[in-house]
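Residue numbering for the first sequence is 0 to 583, as defined by numbering that gives the first Met the number 0.
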Amino acid sequence: MARTNDEVARALAELASLTELDEGSPNAFRVRAYQNAERAVRSLSEDVGERSESELAQVKGIGKSIAGRIRQFVETGRIDKLEELREKHPPEKLKLMKVPGLGAKSVQLLEDELGVRDIDALAAALDDGRVSGLPGMGAKTVENLKEGIAKLGLTSKDQRVPIATALPAAERIVAALDEVPAVEQVAYAGSLRRFRADIGDVDVLVASDDPAGVREAFLASSEVDRTIGSGDTKTSVVTRDGVQVDLRVVPPASFGAALVYFTGSKAHNIRLRQRALERGWTLNEYALAVQRDDPGTDLEVVAQRTEAEIYEALELAFVPPELREDDGEVERASGDGFDALPTLGDLEGDLHDHTDLSGDGRDPLETLVAAAVDRGLSYLAITDHAEDLAMNGVSREGMLAQRAQLRELEQSRGDIRLLHGAELNIDAAGGVDYDADFLAGFDWLVASVHSYFARSVEEQTQRIVTAMRNPAVSAIGHLTGRKLGSRPGIELDVDAVLDAAVETGTAIEINAALSRLDAPVEVIREGARRGVTFVISTDAHAAGELARARFGIAQARRAGLGRASIANTWAWARFGSWLDERRV
DNA sequence: GCCGTTTTCGGCCCGACTGTTTTCAGTCG
0 MARTNDEVAR ALAELASLTE LDEGSPNAFR VRAYQNAERA VRSLSEDVGE RSESELAQVK
60 GIGKSIAGRI RQFVETGRID KLEELREKHP PEKLKLMKVP GLGAKSVQLL EDELGVRDID
120 ALAAALDDGR VSGLPGMGAK TVENLKEGIA KLGLTSKDQR VPIATALPAA ERIVAALDEV
180 PAVEQVAYAG SLRRFRADIG DVDVLVASDD PAGVREAFLA SSEVDRTIGS GDTKTSVVTR
240 DGVQVDLRVV PPASFGAALV YFTGSKAHNI RLRQRALERG WTLNEYALAV QRDDPGTDLE
300 VVAQRTEAEI YEALELAFVP PELREDDGEV ERASGDGFDA LPTLGDLEGD LHDHTDLSGD
360 GRDPLETLVA AAVDRGLSYL AITDHAEDLA MNGVSREGML AQRAQLRELE QSRGDIRLLH
420 GAELNIDAAG GVDYDADFLA GFDWLVASVH SYFARSVEEQ TQRIVTAMRN PAVSAIGHLT
480 GRKLGSRPGI ELDVDAVLDA AVETGTAIEI NAALSRLDAP VEVIREGARR GVTFVISTDA
540 HAAGELARAR FGIAQARRAG LGRASIANTW AWARFGSWLD ERRV
């Protein structure tokens, strides 16, 4: 029975949760061992199912015992230990741990003393006063637990906000705080800074000696809808966009250490702390400092003011925030480093752009081209929607007229290469607009899915592969068609799609629109491993949207994708000859 | 349960907050 890495990882995660309950502590070493093994499995690129027990035990984080459990799961679909724990701690009981304020110890106490094994029983015990008699459980705890149950499933932590909502809100808040005199430095941190596609809450970090003044200015901001809580070092609010924002004020000297700490991820921080310990230091949100046996003495600070000096002290290259997931980046930082990752300045061209000729484009050709030149681009592809797209598609005549206009503009300007292209629509069977002869007249063709989102994996994969095999197609646009927070992407056999991309030389787009960020990071990472060529495209429908190239760069960096694999970081000479080779 | 230029035992990341206590355990991020 074949099992995917994801299924194995989920089984290990469940083992971790159940063991936490069983051992009565989230810090029990067995719990952490299962969590480490889960992460190890998630970062494996090959199928765990194809590895023997001894091969699995070679993987860091997986030992003899867990290797055996994984093999059992792969072969039989079950794990004895997991079944045993499920028997002992049914799902309803596990769910009690989700109530804020209840951990493993309290859940066990409630069962032992009151026979409480599910949320309903807990609610009843809270109401009739039985809970308040238990050791460590006073009136305040009862009140908090009641509130927690009422909010269960509705907390901001469970309601992920798409990055397209969170990032603009965070940037507005950071810009506003930057104007406040008491603020020395300000930045957003957390999963948003790591460029996750969805965010729980936004952490904003301020360096200041005047926390009260900063808090006052923050609460007065027009972004704030309501205040959740406000203390000396932390203030939590909900913005008008429904984003929870936690503001933390730290002493200016500690800003770098705090930025590392609050950017996370938690797993990355743990790795850094281990590295600090190896050097006889300790790392917390205030500083990297020499370990002291006597807590009464002052800390001897090694580094704290900037992130760069902390990484440097730990003998690591500065780890880009996008990569701080404990997914091999610490090893990379002590080895080759991150110089191969693209930066915004590396982009030489943009290869997916709409003018007002498309029904949904807003600026004329001249405006878009001028904006591209202003941004320092040396080539630009105009790819208005092809004729099959309802409402917005462009006729053949329209395309030919645009081509003439574009050639003339390229001549008269002389400062940018212009490619005449189109964004084709991949139909249900993988076919695209126009006919082969007409398609041959274009310089660059992006083919994208705009319809038939509800088809089987096999059908969707076949569509995309068929489009890739079309010799006219240069790149596949927004691969999954997902809209973050509102529409899941089409389901694909990623391996088959990536293999077809390599075989046909078709580029895969990294669409920089914040609502898309498509292809997803996992697909890019695997594609990079297989030698797929990518392009980072803004899919601009207005000149101003060329600026979102930075989000495409962040997406590529998060996937660890090097410049060498991104065709539009290549200078025109190389890009042009690559295009010519593809045509042969 | 995992790991190892101090290997087969004895370690394993850190601090704030809360509610309950009066020195701390449990929870949380």
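For each residue, glycine too, the CB sits at the ideal point set by N, CA and C.
Based on DSSP bridge pairs, tell me the residues matched to Glu-508. Val-534
Considering only C-alpha positions, which residue in the set Leu-478, Glu-6, Arg-31 and Glu-324 is nearest to Thr-18? Arg-31
Alpha carbon to alpha carbon, how far is Val-203 from Val-501? Give it in angstroms, no decimals. 42 Å
Which residue marks the beginning of the beta strand (DSSP E) containing Ser-473, and which one marks its end? Counted as a single uninterrupted DSSP element, the stretch harbouring Ser-473 is not any beta strand (DSSP E), since DSSP gives it neither H nor E.
Can you tell me which of the three DSSP states Ala-539 falls into? strand
Span separating the alpha-carbon of Gly-344 from that of Arg-41: 32 Å
Asp-21 versus Leu-246 - alpha carbon distance: 36 Å
Where does the unbroken beta strand (DSSP E) through Arg-245 begin, and where does it stop? As written in the sequence, residue 245 is Asp, which differs from the Arg given in the question. Note, Asp-245: beta strand (DSSP E), 243–249.
Ala-122 and Ile-148 look like a contact to me (Cβ under 8 Å); what is the Cβ gap, rounded to whole Å? 6 Å
So, with DSSP's three-state summary, where would you put Asp-126? helix
Using a 10 Å radius around the Cβ and a threshold of 16 neighbouring Cβ atoms, would you call Lys-59 buried or exposed? exposed
Burial state of Lys-104 (16 or more Cβ within 10 Å): exposed
Would Asp-436 be called buried (16 or more neighbouring beta carbons within 10 Å of its own) or exposed? Label assigned to Asp-436: exposed.
Let me make sure I understand the geometry here. Which of Leu-144, Gly-48, Leu-43 and Val-493 has the alpha-carbon closest to that of Leu-95? For Leu-95, the closest of Leu-144, Gly-48, Leu-43 and Val-493 by C-alpha to C-alpha distance is Leu-144.
Where the beta strand (DSSP E) containing Gln-184 begins and where it ends: 184–187
For Tyr-378, report the span of its beta strand (DSSP E) as first-last. 378–384 is the extent of the beta strand (DSSP E) around Tyr-378.
With burial defined as no fewer than 16 other Cβ atoms inside 10 Å of the residue's Cβ, what is the status of Asp-359: buried or exposed? exposed
Looking at the unbroken alpha helix (DSSP H) that takes in Asp-79, where does it start and where does it end? 79–87 is the span of the alpha helix (DSSP H), which, as asked, contains Asp-79.
May I ask you to report which of helix, strand or coil DSSP gives Ile-489? coil
Residue range of the alpha helix (DSSP H) that includes Asp-442: Taken as a continuous stretch (DSSP letters only), Asp-442 belongs to no alpha helix (DSSP H), as it is neither H nor E.
Can you check which of these residues, Val-372, Phe-28, Arg-412 and Ala-439, is closest to Gly-543 by C-alpha distance? Here the closest residue by C-alpha is Val-372.
Excluding the five sequence neighbours on either side, which residues of its own chain have a C-beta within less than 8 Å of the C-beta of Glu-91, listed in chain order? Arg-116, Asp-117 and Ile-118
Thinking just about the alpha-carbon of each residue, which of His-267, Ala-312 and Glu-299 is nearest to the one in Pro-319? His-267
Give the straight-line distance between the Cα atoms of Thr-505 and Val-472, rounded to the nearest whole angstrom. 7 Å
Measuring CA to CA, which of Ile-463, Val-445, Val-393 and Gly-575 is closest to Asp-538? Val-445
Rounded to whole angstroms, how far is the Cβ of Thr-140 from the Cβ of Gly-100, which I believe are closer than 8 Å? 7 Å
Cα-Cα separation between Asp-585 and His-540, rounded to whole angstroms: This structure gives no information on residue 585, because the portion of the chain shown stretches from 0 to 583.
What number of angstroms, rounded off, separates the C-alpha of Arg-272 from the C-alpha of Gln-57? 24 Å
Cutting at 7 Å between CB atoms, please list the residues of its own chain near Gly-392, excluding the five before and the five after it. His-384, Ala-385 and Glu-386
Pair within 8 Å by beta-carbon distance, Val-531 and Leu-497: yes
N- and C-terminal bounds of the alpha helix (DSSP H) containing Thr-234: For Thr-234, there is no enclosing alpha helix (DSSP H); the residue is found in the beta strand (DSSP E) stretching over 233–238.
From Gly-420, Val-456, Asn-424 and Arg-454, pick the residue whose C-alpha is nearest to that of Trp-443; which is it? Gly-420
Relative to the C-alpha of Ala-36, which candidate in Gln-554, Leu-346 and Lys-63 has its C-alpha closest? Lys-63
Can you list the beta strand (DSSP E) stretches of 3 or more residues lying completely in the segment 308–350, in chain order? None, since the segment 308–350 contains no complete beta strand (DSSP E) of that length.
Tell me where the beta strand (DSSP E) around Asn-622 begins and ends. Only positions 0 to 583 of the chain appear in this structure, which leaves residue 622 out of reach.
Rounded Cβ spacing between Ile-535 and Ala-558 (contact assumed at less than 8 Å): Contact doesn't hold; Cβ gap of about 11 Å is too wide.
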